[in-house]
Amino acid sequence: MVANINEIQSAAAALLNEGKVKLVLGYRVRGNDRVPAFVTQADQVGCLAYDSACTQNLAAYLRKGEVRSRMPLAVVARPEVMRSLMLLTAESQIAEGQVTVLAVDEQGFHGVLDLAGTAKLLNEQYARIAPDSSLMEQLAKIEAMTPQERSAFWSEQFEPCTRCYACRAACPGCFCERCIVEMNTPQWISTAAESHGNFAWHMIRAFHQAGRCVECGACQDACPQGIPLMLLNHFIAREVEREFDARNGYDPQAEPVIGSWKQDDKQEYIR
Amino acid sequence: MNSIGYYPGCSLSGGGIELDLSIRGLAQLAEVELREIDDWNCCGATAAHNLDHNLAIALPYRILALAEKQGLGEVLAPCAACFSRLKGTNVRLERSGDLKAKMQTIVDLPYSGSVKILSITEFLNRLMELGLADKLPKKLTGLKVAPYYGCLLSRGEDIVSDDAESPSAMEAALRATGAEVVDWNFATECCGGGFSMSLTDAVLDLSNAILADAKAAGADCIVTGCPMCHSNLDMRQLKIQSSGMGQYDMPVLYLSEVLGLAAGMGCDQLGLNRHFIPAMALAHRFDPPPQAAETAEAVSDQRSN
Amino acid sequence: MKTLEATKLADLAAALTAAGYRVIAPCQRGDQVHLECYQAGKTLRADVIPVNSAKDALFPRSEVIGRYRFEGNEFETVPVAPQAGKTVLLAVRPCDAAALAPLDAVFNWDYKDEFYNAHRDATTVVALACTAADDQCFCTSVGGSPDSTANADAVLRPADGGKRFILESLTDKGQAIAAAGQAVLTEGQAQADPPAQVAPAFDSAAVTAWAKDGFDSPLWKELSLACMGCGACAYTCPTCHCFDIQDEATRREGVRLRNWDACGFGLFTKHAGGHNPRHDQASRWRQRVMHKFAYFPERFEMLACTGCGRCGRLCGNGMSIREVCSQIEQAAQAGVK
Amino acid sequence: MTQATTQTETKAEGFEPRIVAFVCNWCTYAGADLAGTSRLQYAPHVRIVKLPCTGRIDPLFILKAYEGGADAVLVSGCHPGDCHYTSGNYHARRRWTIFRRLLSLAGVEEGRLFFSWVSAAEGQKFADLINDVTAQVKAAGPFKHNPARRQAW
Amino acid sequence: MARIGVFICHCGENIGRTVDCAAVAQESAKLPGVVVSLDYKYMCSDPGQQMIKNAIAEQKLTGVVVAACSPRMHETTFRRAAAEAGLNPYLLEMANLREHCSWVHEDRPIATGKAVDLVRVMVEKVKRNRALYPIQVNVEPTAMVVGGGIAGIQAALDIAAGGKKVILVEKSPSIGGHMARLSETFPTLDCSQCILTPRMVEAASHPNITLMTYSEVEAVDGFIGNFEVTIRKKARYVDPAKCTGCGSCYTKCPQKKIPSEFDALLGKRSAIYTPFPQAVPNKPVIDAEHCTMLTKGKCGVCKKICPRDAINYEDKDELVKVKVGAIVLATGFELWDHSKYGEYGGGRLVDVIDGFQFERLASASGPTAGEIRRPSDGQVPHTVVFIQCCGSRDEKQGMAYCSKICCMYTAKHAMLYRHKVHDGRAVVFYMDIRAAGKGYDEFTRRAIESDGAEYVRGRVSRIYRRADGKLIVRGADTLAGRPVSIEADLVVLADAVVPRKGGEKLAQMCGVGYDTNGFYSEAHPKLRPVETAAAGVFLAGACQAPKDIPDTVAQASACAAKVLGLFAAPKLEREPIVARVNQNLCVHCRACINTCPYGATQDREIKDRQGNVVKVVAEVNEGLCQGCGTCVAICRSNAIDLDGFTDEQIFAEIATLE
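Protein chains in written order, with my numbering: chain D, 10 to 280; chain E, 208 to 512; chain C, 416 to 752; chain W, -8 to 144; chain V, 307 to 964.
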């Protein structure tokens, strides 16, 4: 547990007491697990906990009607979650005043912030979050494979996918009312949990993360089948940064990366 | 105490010794320590880049690498030519990915590109900010100065941060001394540069035009930051005058000398007695001579003959 | 007494494969253990409860149930027979075996599902008695036990401190397994290890009783708040059996597919006109609990939950049957409607 | 379902590839028209799907074409700056840049996805493009390791 | 059930030579949904069209595929025929058997096979077509013209002459623009004011034109046919209804030393002023910045002197809302600020002037009454140096483009100077002479050959003022290959033509794009040079690119033609190929709104019966949508589809190719 957990609790209590928020979305301990906590009364704040095992991205709850109806609310947010909140702001899913941030990282609590303050903190303190080196190594290995090997690798990875969509549910960016995979006139993506349906699903899920994924890891954590989704996510984020010099979730006013353009965007592959 | 790396180069112990003296004096006054780069070498100006491009980069590369190794984040290169070579090398290293590796093999020293090079104007303006501005007890009221930038302190858009056509980096400091900056036309005109020896006649023509314009604008002296300009305008002025092109008796001062004068530093300490065109009379308007100073004036006058 | 060295589980799988069985067994896959088709080289793990349940073998996640062809304006259907080969579920847990009862019941209720039954008839269940349980296990709360042999054709019991298994054949199908595995089995004596201790988590009767009148309870909203609405729990649940029918066609021919579906999805009950009778996650969770603890007992006199604990193990948001039912029991005790 | 037997399912020798092209109405389609009016002969394997603008092309169109067994996909529109709708091709270009990298990571080999700008005046370029793409795909043979290919049920 | 008719055209021998049309018809007849499949020699001929019409009627067709030439050739023809037979024209598609098949392949079996494929694809598409109806947009038959220079005046006059109402908005107190400031015009040297002022008067008196001078556009809402524009009428402090323009006020105004903008700051004006004597309207305004009554509450002379009591010191800005159907942007240009060139004195040398200043010096109504006298000491200059391309064609410090008019007006200036100062020396530094235009090259030749202007090809590297007041102009004569130094008395810089400062704001209001230099972007550089990406907004004059007067006038008249064309019918019919948002699916991520090149996707609040906003979604404005479909592909939820190119249609096409 972080050292100053009491400060999170008292900040949450103060927000609730002063009527600034109706709900505090945080974490609590249940056995060996950390699970989401929905605190609506100041006297319940004692359950709030935070440590590095709190990996869920609570921003994903902001699409739920049951949660939205309790706005304004506060969210215990580590840097990736804050970036999700920036994305949600940029994509007009939340607005200043609806969400207050209880900023945390592995060192502990860093105060109560509005969304503008969160943007500032992110850009000042967490402008560069080093990508997981093992991810980069794995990617390098995959990229060194032949196309056939890559195809075989992913087919092996996607094979156990049951299409439970836990990855989608865990992702704050997946806030569509109706996902593309559920469109059936025409049927965009086969819903059968078989090779081509799984391939199309994972390609399109990853593509829809372009310019948006904050690499929080919630999708991969949620996947019961252990599919290495972060490989795809990190790859896409890396390409977006390389090609368009864009890093996701730092600017609450950002134009969408896919949905904007520059005249001199690279095009060496187009003849 | 602040400290800044120092690259004197060849001229500051020779023809440009006044520049070295006055800079060291001002730095001391502003409580800035100058840390000379240990084991420095020639910067390559002005000949190397006409002979061998690798050499022209390798020489400054070694200086920069040494500075980085010695933990110097910023380095002052008072001579405008040294400044241009060193900073220019930084720019080229940054632009070309392969160059750094190539230089590392030639020089056998690593360099990441972290060393920042300061010109004399940048350095003196920094000193002013660091408190020198409050330590200028003498007002040089009535002194009309023509700030002369020449090429190396005005050109090269990646190197000089001033406006190439109408630079102004010296003006604030000069005004702070109480001197009047005259409106003149030849602040960036060519003085003849490195052709002082090889094409002396061209240098005389060019420098003559500069002197003439400064005189026409009513300047008492020309102020410069470049030892090469200084030597062309100061030393060659003797020849210009003797060959009948014009009579100016126009002292040419380094910016650091003017500031030193305002700071109340002695003429000797500033090296004002070492000029070809006597500057002591001008200096004495603000720093009346003790008895002994006359001897120095005499020495200087002798030299000018 | 037939015994099998613990290290020879894979050899048994290989022997059964050689005998023409499709062997579904707990195989190592990356960091996880999945129930999947055994192939030479795969590592078997009897010590870990697999991520997925045994239902996958009987009720595949996607199955062709019809075919058709067209040519010009002519259209014809093509009969499809279930693709059910001889299968053995090797070393599945008693909770997975127990789940066959509710599956048998629902697939033979008003309609006898030829596809499920074909798989079921071709399948032999070799259960593995549990000698260890984790904090998510709760079979004892839903009428099961860690060494139950219900629905099993044979059972493997860990013995001699885990060094070997005792194989008990319970049916003819089980005998056939013992015969097919003859080469890797030994005749001898062994002392069965004591079954796992699974502490009761809640009183299912109390849950069923509360649920009878609990349809309109405001409690569902609180219980379901943390649910994100994915189908992970349903897809790994050994008893969940909802499905969706989809056609996939080219311009010449098509197949009709039966794919899994889950009541946790928002679209599960969404009508074409836009109305959704289960419009929020609370009503979907209510359905999940009611189906398992109220409607199923009402119809089939059994629970549709075997306490395998998979939902608790995988849900990062703590939405497990165990957790929710415990809360319902507490509410029932406190008299909350 | 059984694999549809079409003319392209033959062995590599005499292999006649199936190539799906997504083109915009205003430039590349018109460029193809010009190739026609100029009577420029080119390989007959490409089938064009016409769209108003490359901006309309969803990456899923490409996946769908692969799913149906296309041996290659060609996407072509107006040159940068010439888009009939001012910026549709710029938007499209961003999508392609990422999507083609993703497909490559996923195992779609080089030479199965082509992008090009062909203006309404470039009939010759269109014909050359089709010939070149066809030749490349023919040389590469059928797209056997197509990860998006529809499952044979 | 679909009932599709397929009609294969032989196009004489054009298709028939390489495609076996009868075989294609036979194969097509077997396709699911096809009830009739016929081939014919010339489908576009009357009997061919009749064949289609008969089949539509007799077979009750729900869709038609005509397999013939390119749809770019005859789609309209066949769709009209379908409509005449009672089938919605958008239920007809064409398969391109000629340009895309018979003309490009020689092998008959292969071409025939491909033709069958092309027909099959279109059959599957057309089955999924739905009836579409042209979108009707109401049109308010009033135009707004922004900018009262020659472009705006011409556009307004032409629209008014066409019988439609025009609101002409001008931000300064008078219309006339830059042209009113010019002395003479090239290449004819006719007096600018003489040809312009009658037009100004005509604009002011035309019954169809409402002049709104001293006014600025504040906001633009709506779309083609239906713009709502808010215009700020700035406080004039003079009631134009009462004022007769007698001029007593500005004659008596004690503040007379204010640099006159009209005279390019070379002349002076009073605080209550008209910019120039022929101003239209000829009614003064008070410059609130300089009027001591308004700044300090002291003076009041004008109010006392005004015989009509027209002065009102309490006047306030007024916001006026107008409804217009079309907008013409004619905001013009200004000159690049040459003080960025340190080598030309950085703006500090008073005798280094720009082109407009020279125009005013040369103008009979200017501050020197047409005598060329230099600003510093009022002396007649004996040597004048003209420098072309000052800020033009300079990517580093100035503008990368050619300003187009400078070669001509510099020649004119040199000529005017030589006409006025006979012993004077006119030296022109140039990079190239670009005198493309009727009579233009002759004009520059005349400046050189008859009027003795000395043309020096080369750049000027430095201008400085010598102590004696002479301007030393140093440069290169690249033809002679030597440096030159000229002692000049006056230097005239042909500064680059740049768009009006702040023009981006107006462009954004109207949804018009602009380039990196700030010039407004036309819809197509070749074929739609007056339209913009925003339907109903047109461009006239130098706001789009540097232009001379004839080009400006021509473009202004073109705008008027476009506007009158738009106003010709009370309703505007638009192609119904537009995007549609499924509001149930839209989650309002605004990607489409960011993406649309036309600003056609907009926020839409969905309210319940009590008027509470329950949801915000995207909505496509049919009036603005051009049907590119970029929003469709950008939408992750696929909540948008494009009529005519729906996902269902395209997927069917792809599936058919399997």
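Glycine included, each C-beta is placed from N, C-alpha and C at the ideal position.
For residue i, the first and last residue of its enclosing alpha helix (DSSP H)
{"i": "V727 (chain V)", "result": "Segment: none, V727 (chain V) is in no alpha helix (DSSP H) and carries neither H nor E."}
{"i": "D519 (chain C)", "result": "L515 to F522"}
{"i": "H491 (chain E)", "result": "M487 to H491"}
Where residue i sits in the DSSP three-state scheme
{"i": "Q442 (chain V)", "result": "strand"}
{"i": "R572 (chain C)", "result": "strand"}
{"i": "F162 (chain D)", "result": "helix"}
{"i": "T901 (chain V)", "result": "helix"}
{"i": "W625 (chain C)", "result": "helix"}
Residues bridged to residue i (per DSSP)
{"i": "E281 (chain E)", "result": "E:K323"}
{"i": "C442 (chain C)", "result": "C:H449 and C:L459"}
{"i": "P509 (chain C)", "result": "P509 (chain C) is not bridged to any residue."}
{"i": "E478 (chain C)", "result": "C:R673"}
{"i": "D527 (chain V)", "result": "V:E534"}
Within-7 Å CB hit, residue i to chain D
{"i": "Y81 (chain W)", "result": "yes"}
{"i": "S107 (chain W)", "result": "yes"}
{"i": "Q32 (chain W)", "result": "no"}
{"i": "H894 (chain V)", "result": "yes"}
{"i": "L104 (chain W)", "result": "no"}
{"i": "D953 (chain V)", "result": "yes"}
{"i": "S827 (chain V)", "result": "no"}
Minimum Cβ-Cβ distance from residue i to chain W less than 7 Å
{"i": "H380 (chain V)", "result": "no"}
{"i": "V493 (chain C)", "result": "no"}
{"i": "F184 (chain D)", "result": "no"}
Residue-level contact to chain C via CB, residue i, 7 Å cutoff
{"i": "E973 (chain V)", "result": "Only positions 307 to 964 of chain V appear in the structure, and residue 973 (chain V) is not among them; the question remains open."}
{"i": "W17 (chain W)", "result": "no"}
{"i": "T962 (chain V)", "result": "yes"}
C-beta neighbour in chain V for residue i, strict 7 Å
{"i": "H217 (chain D)", "result": "yes"}
Enclosing beta strand (DSSP E) for residue i [first to last residue]
{"i": "I429 (chain E)", "result": "C428 to T431"}
{"i": "L65 (chain W)", "result": "A63 to G68"}
{"i": "A668 (chain V)", "result": "Per DSSP, A668 (chain V) belongs to no beta strand (DSSP E); it is in the alpha helix (DSSP H), G661 to A668."}
{"i": "S93 (chain D)", "result": "Counting along the chain, S93 (chain D) falls outside any beta strand (DSSP E), though it belongs to the alpha helix (DSSP H) covering P88 to A99."}
Residue i at chain E interface by Cβ criterion, 7 Å
{"i": "Y770 (chain V)", "result": "yes"}
{"i": "V649 (chain V)", "result": "As written in the sequence, residue 649 (chain V) is Glu, which differs from the Val given in the question. Answer yes: the Cβ-Cβ gap between E649 (chain V) and chain E drops below 7 Å somewhere."}
Within the stretch 731 to 776 of chain V, ranges of the beta strand (DSSP E) (whole runs, at least 3 residues): With a minimum length of 3 residues, the continuous beta strand (DSSP E) runs that stay inside the stretch 731 to 776 of chain V are 731 to 736, 760 to 763 and 766 to 771.
Which runs of the beta strand (DSSP E) at least 3 residues long sit entirely within the stretch 651 to 736 of chain C? Give them in chain order. Entirely contained in the stretch 651 to 736 of chain C, the beta strand (DSSP E) runs reaching 3 residues are, in chain order, 658 to 664 and 668 to 675.
Alpha helix (DSSP H) runs contained entirely in the stretch 254 to 322 of chain E, provided each spans 4 or more residues: With a minimum length of 4 residues, the continuous alpha helix (DSSP H) runs that stay inside the stretch 254 to 322 of chain E are 255 to 258, 260 to 276, 287 to 302 and 304 to 314.
Considering only residues of the stretch 134 to 193 of chain D, which uninterrupted alpha helix (DSSP H) runs meet the minimum length of 4 residues and lie entirely inside it, listed in chain order? The alpha helix (DSSP H) runs lying completely inside the stretch 134 to 193 of chain D and spanning 4 residues or more are 142 to 152, 156 to 167 and 175 to 179, given in chain order.
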